[in-house]
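2 protein chains.
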Amino acid sequence: MADAEDIGSTMEMIESLWILFLAIVFCSTADASHCSIDGLPLVRNITELPQDNYGRPGLSHITVAGAGLHGMKEVEVWLQTFAPGSGTPIHRHSCEEVFVVLKGSATLYIASNSNTKYPGKPSEFRIFSNSTFHIPVNDAHQVWNTDEHEDLQVLVIISRPPVKVFIYEDWLMPHTAAKLKFPYYWDEKCYESRVPAAKDEL
Amino acid sequence: MADAEDIGSTMEMIESLWILFLAIVFCSTADASHCSIDGLPLVRNITELPQDNYGRPGLSHITVAGAGLHGMKEVEVWLQTFAPGSGTPIHRHSCEEVFVVLKGSATLYIASNSNTKYPGKPSEFRIFSNSTFHIPVNDAHQVWNTDEHEDLQVLVIISRPPVKVFIYEDWLMPHTAAKLKFPYYWDEKCYESRVPAAKDEL
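Read top to bottom, the protein sequences are chains A and B. If you read the first sequence in the working numbering, its first letter stands for residue 84, the second for the next number, and so on. If you read the second sequence in the working numbering, its first letter stands for residue 84, the second for the next number, and so on.
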């Protein structure tokens, strides 16, 4: 009987260690991302992916391929629609960003003044269906649907996800006062705010 | 007069050094890329960008945002059209790649066997308008327009440009025999073949 008891307690110990191991694995995974890529099909119908405005009126955001959602490590792709009179905040990030305009027209405001105290008056560019542009790293910028009638639909590509965004209240706010929003709105479900953000260059 | 001559020869020396400096800068830039981003507008009309088939029947390739062409360092975006009965070679790369299908339908062949000697029989997936998929790093794959009538149009996003592609003749070719094509077809104008390719993991 002593032998059986020994085996029983050894089994219990192994079971406890296994539970401890699973708990550690779970916690360390949860630290990085609360989302799971298990069971997601390789080919996905974009029109069936979850979309949300994340509390921002006029926005529809879909993460087409994401770090938290789909396990991407180096690039992330979003499909975004902005109703007339809506757009992004004035913001900057140290990742690369490319836009492909699928529908509509709008205005890109961009201030290439990362070596001055604040962005200052931005340059204005008209963006339109079938146009493309990229945002130079760390340039403060804003995309705003200045059209009165038509939605703006863009594919957005960023490098080094998840994105770490610094938001300005206006173009005269000092770079150092811009507020880090991390995780960004659509990453909140997948990332803890206690995950340290990457160092910013400004 | 001697003083004036001294100044003259000093000026000549400074001028020579300046020319030498410019030559060094030019040569080191030319090593990396023969393309220039000077003078390119920030917002570009994709329909006006150069497109080519690079000797591959049925292909139309446009570099929407590229390393050599537009100074991208972390991501690159292509717009590609494949006529019925055309597609990519069987190939692999160690960068991330995301596809967004804009028009048409086709077949994705993919063999997730980077730990075996050769890719082997690939899995097949139907891809279609408004679908998206990504290629796991180093998986051998091929996109082929298996539709009889309609063109396939895709936006392709890769990380870590310029792309270093290893091409297979068939699915039974050993990974180690796959042939490096660098610079890739559309990068040939911008990159010298003597630029060392990144180390491959296989």
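By construction, the Cβ of each residue, glycine as well, lies at the ideal position given by its N, Cα and C atoms.
Anticipated Cβ contact below 8 Å, B:L162 with B:L238, distance rounded: Numbered from 1 along the second sequence, position 79 holds the residue referred to as residue 162 of chain B. Numbered from 1 along the second sequence, position 155 holds the residue referred to as residue 238 of chain B. Contact annotation, B:L162 with B:L238: C-beta distance approximately 6 Å; criterion of less than 8 Å satisfied.
Using the rule of at least 16 other Cβ atoms within 10 Å of the residue's Cβ for burial, across every protein chain shown, is A:C273 buried or exposed? Taking the first residue of the first sequence as position 1, residue 273 of chain A is located at position 190. So A:C273 ends up on the buried side.
Could you please tell me which residues of the stretch 214-241 of chain B, in chain order, have their CB closer than 7 Å to any CB of chain A? With the criterion set as a beta carbon lying under 7 Å from some beta carbon of chain A, the members of the stretch 214-241 of chain B are S214, T215, F216, H217, L238 and I240, in sequence order.
A:Y268 and A:P245: beta carbons closer than 8 Å? What you label residue 268 of chain A is simply residue 185 of the first sequence in a count that begins at 1. What you label residue 245 of chain A is simply residue 162 of the first sequence in a count that begins at 1. No, the pair does not count as a contact, with Cβ atoms beyond the cut-off.
Closer than 7 Å, Cβ to Cβ, to anything on chain A: give me those residues from the stretch 118-150 of chain B, in chain order. Considering only beta carbons, the part of the stretch 118-150 of chain B lying closer than 7 Å to chain A consists of L125, V126, R127, N128, I129, T130, V147 and A148, in chain order.
Identify the residues that DSSP records as bridge partners of B:T190: which are they? Within the second sequence, numbered from 1, the residue matching residue 190 of chain B stands at position 107. Paired residue(s): B:R209 and B:W227.
Residues bridged to B:I241 [DSSP beta-bridge criterion]: Locating residue 241 of chain B in the second sequence gives position 158, where the first residue counts as 1. Note: B:I241 sits in a beta bridge opposite B:E159 and B:E180.
Nearest to A:G154 by alpha carbon, out of A:G170, A:P124 and A:P167? Residue numbering aside, residue 154 of chain A sits at position 71 when the first sequence is read from its first letter. When each option's Cα is compared against that of A:G154, the closest is A:P124.
Between the beta-carbon of B:V248 and the beta-carbon of B:H144, is there less than 8 Å? Locating residue 248 of chain B in the second sequence gives position 165, counting from the first residue. Locating residue 144 of chain B in the second sequence gives position 61, counting from the first residue. At least 8 Å separates the beta-carbon of B:V248 from that of B:H144.
Is A:W254 near A:G203, with beta carbons less than 8 Å apart? Taking the first sequence and counting its residues from 1, one reaches residue 254 of chain A at position 171. Taking the first sequence and counting its residues from 1, one reaches residue 203 of chain A at position 120. Judged by beta-carbon spacing, A:G203 lies within the 8 Å limit of A:W254, meaning their Cβ atoms are closer than that value.
Straight-line Cα distance separating B:D222 from B:T190: In the second sequence, counting from the first residue as 1, residue 190 of chain B sits at position 107. In the second sequence, counting from the first residue as 1, residue 222 of chain B sits at position 139. C-alpha separation (whole angstroms): 16 Å.
Identify, in the order they occur along the chain, each residue of the same chain with its Cβ nearer than 8 Å to the Cβ of B:T112, setting aside the five sequence neighbours on each side. What you label residue 112 of chain B is simply residue 29 of the second sequence in a count that begins at 1. Residue placement at B:T112 is poorly supported in this model, since its pLDDT is 39, which falls under 50; the coordinates still yield a value, given next. So no residue of the chain qualifies.
Closer than 7 Å: A:D222 CB and nearest the ligand ADP heavy atom: Only the bare structure without any ligand can be found here, which leaves the ligand ADP out of the picture.
Should B:Y192 go down as buried or exposed, given a rule of 16 or more other Cβ atoms within 10 Å for buried? By 1-based counting over the second sequence, the position of residue 192 of chain B is 109. It counts as buried.
Interface residues of the stretch 163-181 of chain A facing chain B [CB-CB below 8 Å]: For the stretch 163-181 of chain A, the set of positions with a beta-carbon nearer than 8 Å to some beta-carbon of chain B reads C178, E179 and V181 in chain order.
Going along chain A in order, which residues have a C-beta closer than 7 Å to the C-beta of B:K156? Translated into the one-based positions of the second sequence, residue 156 of chain B becomes position 73. Here the neighbours are E179.
Apart from the five residues just before and just after A:N196, which ones in its own chain have a Cβ nearer than 6 Å to its Cβ? Position 113 of the first sequence, counting from 1, holds the residue named residue 196 of chain A. Taken in chain order, the residues that qualify are P202 and G203.
Contact with chain D by B:I250, beta-carbon distance below 8 Å: Absence of chain D from the displayed structure is noted, the protein chains being A and B.
B:G170 in three-state terms, based on DSSP: As a position in the second sequence, residue 170 of chain B is number 87, starting the count at 1. B:G170 falls in the strand class under three-state DSSP.
Name, going along the chain, the residues of the stretch 183-194 of chain A whose beta-carbon falls closer than 9 Å to a beta-carbon of chain B. Shown in chain order are the members of the stretch 183-194 of chain A whose Cβ falls below 9 Å from a Cβ of chain B: V183, V184, L185, L191 and I193.
Three-way DSSP call (helix, strand, coil) for A:T259 in this model: Here the question's residue 259 of chain A lines up with position 176 in the first sequence. Correct three-state label for A:T259: helix.
Is DSSP giving B:D135 helix, strand or coil here? Start at 1 with the first residue of the second sequence, and residue 135 of chain B comes out as number 52. In the structure shown, B:D135 falls within a strand segment according to DSSP collapsed to helix, strand and coil.
Same chain, Cβ closer than 6 Å to A:I120, five either side skipped, listed in chain order: Start at 1 with the first residue of the first sequence, and residue 120 of chain A comes out as number 37. Sequence-distant partners of A:I120 (beyond 5 residues in either direction) whose C-beta falls short of 6 Å from its own C-beta, in its chain, are H153 and G154.
I need the straight-line Cα distance from B:K200 to B:M256, nearest angstrom please. Position 117 of the second sequence, counting from 1, holds the residue named residue 200 of chain B. Position 173 of the second sequence, counting from 1, holds the residue named residue 256 of chain B. Cα to Cα, the separation comes out at about 8 Å.
Going by beta carbon distance, what residues of the same chain come within less than 6 Å of A:R209, once the five residues before and after it are set aside? As a position in the first sequence, residue 209 of chain A is number 126, starting the count at 1. In its chain, beyond the 5 residues on either side, no residue has a beta carbon closer than 6 Å to the beta carbon of A:R209.
To the nearest angstrom, how far is the alpha carbon of A:G151 from that of A:E159? What you label residue 151 of chain A is simply residue 68 of the first sequence in a count that begins at 1. What you label residue 159 of chain A is simply residue 76 of the first sequence in a count that begins at 1. So the alpha carbons of these two residues sit roughly 10 Å apart.
When DSSP labels each residue in this structure, what does A:T112 get in the three-state scheme? Your numbering for residue 112 of chain A matches position 29 in the first sequence. In this predicted model, A:T112 has a pLDDT of only 39, less than 50, meaning its place in the structure is not dependable; the value taken from the coordinates is given anyway. Residue state, collapsed to three classes: helix.
Cβ separation of B:V226 and B:G170, assumed to be a contact under 8 Å, to the nearest whole Å: Residue numbering aside, residue 226 of chain B sits at position 143 when the second sequence is read from its first letter. Residue numbering aside, residue 170 of chain B sits at position 87 when the second sequence is read from its first letter. Right, their Cβ atoms sit about 5 Å apart.
Can you find the residues in the same chain that come closer than 6 Å, C-beta to C-beta, to B:V181, ignoring five residues on each side of it along the sequence? Walking along the second sequence from the start, residue 181 of chain B turns up at place 98. Around B:V181: H217 and I240.
What separation, rounded to the nearest whole angstrom, lies between the Cα atoms of A:S177 and B:V147? For the purposes of this step, residue 177 of chain A is taken as the residue at position 94 of the first sequence. For the purposes of this step, residue 147 of chain B is taken as the residue at position 64 of the second sequence. Rounded to the nearest angstrom, the gap between the Cα atoms of A:S177 and B:V147 is 21 Å.
Can you list the residues of chain A that B:V160 reaches, using a CB-CB cut of under 8 Å? Along the second sequence, one-based indexing puts residue 160 of chain B at 77. Below the 8 Å Cβ cutoff, chain A contributes V181, V183, T215 and I240 as neighbours of B:V160, in chain order.
Check whether the Cβ of B:F265 lies closer than 8 Å to any Cβ atom in chain A. The residue labelled residue 265 of chain B in the question sits at position 182 within the second sequence. So, not an interface residue.
Cutoff 8 Å: A:H258 Cβ touching any chain B Cβ: Against the first sequence, residue 258 of chain A aligns to sequence position 175. Answer no: the Cβ-Cβ gap between A:H258 and chain B never drops below 8 Å.
Determine the burial state of B:E157: buried for a count of at least 16 other Cβ atoms within 10 Å of its Cβ, exposed for fewer. Here residue 157 of chain B refers to the residue found at position 74 of the second sequence. By the neighbour-count rule (16 or more Cβ atoms within 10 Å), B:E157 is buried.
Does the separation of the CB atoms of A:N213 and B:N198 fall below 8 Å? Along the first sequence, one-based indexing puts residue 213 of chain A at 130. Along the second sequence, one-based indexing puts residue 198 of chain B at 115. No, these two residues do not count as a Cβ contact at 8 Å.
Leaving out the 5 sequence neighbours to the left and right, which residues in its chain are closer than 8 Å to A:T215 when beta-carbon positions are compared? On the first sequence, position 132 is the one that residue 215 of chain A refers to. Once the five neighbours on either side are set aside, the close Cβ partners of A:T215 are V181, F182, V183 and V184.
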